[in-house]
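Protein chains: 2
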Amino acid sequence: MEDVWKQFEENNITHSAAHHLLAVRDLKKTRGYARVTDVARYLNITTGSASTNLKNLKSKGLIREDENKFLELTDEGEAVATAVIKRKQLFYSFLVDVLNVNEEQADIDSCKTEHLLSAETAQKLEKFLNKYKKQAG
Amino acid sequence: MEDVWKQFEENNITHSAAHHLLAVRDLKKTRGYARVTDVARYLNITTGSASTNLKNLKSKGLIREDENKFLELTDEGEAVATAVIKRKQLFYSFLVDVLNVNEEQADIDSCKTEHLLSAETAQKLEKFLNKYKKQAG
DNA sequence: AGCAAATGTTTGGTATGGCAAACAGTTTGC
DNA sequence: GCAAACTGTTTGCCATACCAAACATTTGCT
């Protein structure tokens with residue numbers, strides 16, 4: 001596989017898109033609904049940006065909208081969001097529990113990488129953490 | 138620190154820019170010189186793209202150009218490049234030596250994150266790896 | 001000298017992803 | 001009922017970052 005460095009943007013999803021999915025997911029869960037404005041407020045971006053970005057996610061089949069403009073994740077969107085959350089949690093746990101990185105910094109670092117780690121890395125990191133916590137915990 | 142998710146692009150350097158620096162560095166080291174065309178070929182992008190991107194790095198003081206259009210890193214550019222390489226090596230080592238991730242996948246994952254990990258994480262990852270290799274190696 | 005190849009820059013196009021601001025609907029309150 | 005507030009979309013603009021293609025310049029060879 002040549003041009004490894006070019007694969008950076010060739011992920012299933014971008015950082016921004018991932019956070020739009022997470023926003024919809026969290027808003028639905030905690031408030032029962034998610035509209036464009038809610039997502040914009042959640043992410044601290046303008047409604048214009050949120051509108052455009054969410055439209056994009058709709059066109060990719062990750063988000064659905066009902067007759068009343070209420071947003072929710074499709075099954076595929078839910079799967080992507082779940083995977084992102086899982087990767088973030090795993091890496092965060094590694095940073096904090098294993099490396100003793102400051103929680104704030106761990107939050108930043110795990111947030112930046114949550115959409116970039118491969119399934120293989122995530123799976124093996126999980127295994128490692130389970131073993132580690134059994135031993136040291 | 139709010140808007141953690143927005144910090145993704147607020148790094149010292151972008152993924153693309155980092156690889157332009159690494160290209161100049163490697164070309165200088167292995168061939169003795171680095172020109173726009175060399176960087177373009179190295180990164181498998183057009184000379185137009187390389188020209189624009191390198192101009193940007195020049196304006197940021199990370200790259201210098203002599204009278205003959207030969208490029209080299211400034212001290213600051215060298216420092217950034219070195220840090221990127223170090224982070225990539227550390228994470229690669231963690232993936233391969235600790236997690237047993239496939240080398241090809243580890244290359245991809247470490248390449249994606251090389252410019253994103255914090256100094257704290259890098260420093261603590263290094264400590265961890267030293268200990269780990271003394272024990273298990 | 002002169003032409004061709006190599007090198008480098010610029011221009012116009014794509015895409016993401018921010019912004020502000022104009023605009024269009026809908027809902028709410030008086 | 002009507003104005004104000006709220007919600008959503010669209011339009012221009014910015015920056016990054018890629019492309020192709022046109023253009024300019026420099027180098028090299030005969």
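As given, the protein sequences belong to chains A and B, one line each in that order.
Going by my numbering, the first sequence opens with residue 1, and the numbers climb by one from there.
Going by my numbering, the second sequence opens with residue 138, and the numbers climb by one from there.
We put the beta carbon where it would ideally sit given N, CA and C, even for glycine.
On a predicted model such as this, the values are computed, not experimentally measured, just so you know.
Rounded C-alpha distance that separates residue i from residue j
i, j, result
"A/Asn-56", "A/Lys-86", "24 Å"
"B/Gln-226", "A/Asn-68", "51 Å"
"A/Ser-49", "A/Ala-40", "8 Å"
"A/Glu-76", "B/Ala-216", "42 Å"
"B/Ile-150", "B/His-156", "10 Å"
"A/Asn-100", "B/Ala-259", "12 Å"
"A/Asn-53", "B/Arg-172", "38 Å"
"A/Leu-62", "B/Leu-210", "43 Å"
"A/Lys-29", "A/Asp-66", "17 Å"
"B/Tyr-170", "B/Leu-254", "30 Å"
"A/Thr-113", "B/Lys-249", "8 Å"
"A/Phe-94", "B/Tyr-269", "14 Å"
"B/Phe-207", "B/Ala-154", "18 Å"
"A/His-15", "B/Gln-144", "10 Å"
"B/Glu-240", "B/Tyr-229", "8 Å"
"A/Ala-23", "A/Ser-59", "18 Å"
"B/Lys-271", "A/Leu-129", "20 Å"
8 Å Cβ cutoff, residue i in contact with chain B
i, result
"A/Asn-116", "Here the sequence assigns Leu to residue 116 of chain A, which means Asn is not the residue at that position. Yes, A/Leu-116 counts as interfacial toward chain B."
"A/Val-80", "no"
"A/Leu-95", "yes"
"A/Gln-7", "yes"
"A/Thr-37", "no"
"A/Thr-30", "no"
As assigned by DSSP and simplified to three states, the class of residue i
i, result
"B/Ser-236", "Reading the sequence as shown, one finds Leu at residue 236 of chain B and not Ser. Three-state result, B/Leu-236: coil."
"B/Ile-150", "coil"
"A/Arg-35", "coil"
"B/Leu-158", "helix"
"B/Glu-213", "helix"
"B/Glu-202", "strand"
"A/Leu-71", "strand"
"A/Thr-52", "helix"
"B/Thr-250", "helix"
"B/Asn-181", "coil"
"A/Lys-60", "coil"
"A/Glu-2", "coil"
"A/Ser-93", "helix"
Assumed close pair residue i, residue j - CB separation to whole angstroms, cut-off 8 Å
i, j, result
"A/His-115", "A/Val-84", "6 Å"
"A/Asp-3", "B/Asn-181", "5 Å"
"B/Arg-162", "B/Ala-218", "5 Å"
"A/Leu-27", "A/Tyr-42", "6 Å"
Beta carbon proximity, residue i to chain A, threshold 8 Å
i, result
"B/Leu-191", "no"
"B/Phe-207", "no"
"B/Ile-245", "yes"
"B/Asp-140", "yes"
"B/Gln-242", "yes"
"B/Thr-183", "no"
"B/Leu-262", "yes"
"B/Asn-237", "yes"
"B/Lys-271", "no"
"B/Lys-249", "yes"
"B/Thr-258", "yes"
Any non-hydrogen atom of the ligand HEM closer than 7 Å to residue i Cβ
i, result
"B/Thr-151", "With respect to the ligand HEM, the structure shown offers nothing to examine, as it has no ligands at all."
Buried/exposed call for residue i, threshold 16 Cβ in 10 Å
i, result
"A/Lys-124", "buried"
"A/Thr-46", "exposed"
"A/Asp-38", "buried"
"B/Asp-244", "buried"
"B/Ala-256", "exposed"
"A/Ala-136", "exposed"
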